[in-house]
Amino acid sequence: ASDNKSGPFVGSEFAFEDLTSQEVEKFAYAWLRDDAIDGRPAWVVEADPQGGLTLAAVNRQAVPEGRVMQVWGLAPGDAGPTSLGLLPADGSRFTVDTSRRPPVDGMLVEISLEPPGGSTTGRPTGPVLFIGRLQRVVP
């Protein structure tokens, strides 16, 4: 293991400080995976104790021209997913507006491929590219 604690964490847009300067046991995390790339993690999701949700690309995927990636949340007991917004085209770190669906332990976070402006039906209309479940960190 390296003693170098500067720079990105495991090739993601998170820094070591994002993980070490917090009380991580209060956070929930999920890896969103795409089986088409051998199950390697593609996104890391961080839910903080104040209800914030941040996504960061670990290995960016190109978005086909004329499409957008839309984030969805589906908590245990929900009747259907709730749109959490559109990911920026540059694939950068993204903080989600969780006012409509605050993150909870066990919530599915999905990213679907949608037409420009996102789904107009209130549910994913394109393929779900990435999916993961928030789980509380156990110290």
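Each residue of the sequence shown is one higher than the one before, starting from 83 at the first, in our numbering.
Glycine included, each C-beta is placed from N, C-alpha and C at the ideal position.
These figures come from a predicted structure and were not determined experimentally.
>> Can you tell me whether S181 is helix, strand or coil according to DSSP?
In response: coil
>> I need the DSSP call for Q104, collapsed to helix, strand or coil.
In response: Residue confidence for Q104 is low, a pLDDT of 45 falling below 50, so the modelled location carries little weight; the figure read from the coordinates is stated next. In the structure shown, Q104 sits in coil (DSSP, three-state: anything other than H, G, I, E or B).
> Among the residues of its own chain, which have a CB less than 7 Å from the CB of S103, if the five just before and after it don't count?
Replying inline: With a pLDDT of only 43 at S103, under 50, the local geometry of the prediction cannot be trusted, and the value read off the model is given with reservation. Within the same chain, S103 has no close Cβ partners at all.
> Which one of P163, P198, R183 has the shortest CA to CA distance from V150?
Replying inline: P198
> For R149, does the three-state DSSP call read helix, strand or coil?
Replying inline: coil
> Where does S181 land, buried or exposed, given buried means 16+ other C-beta within 10 angstroms?
Replying inline: exposed
> Whose C-alpha, out of W154, A139, V140, F212, is nearest the C-alpha of T203?
Replying inline: W154
> Where does R218 fall in DSSP's three states?
Replying inline: strand
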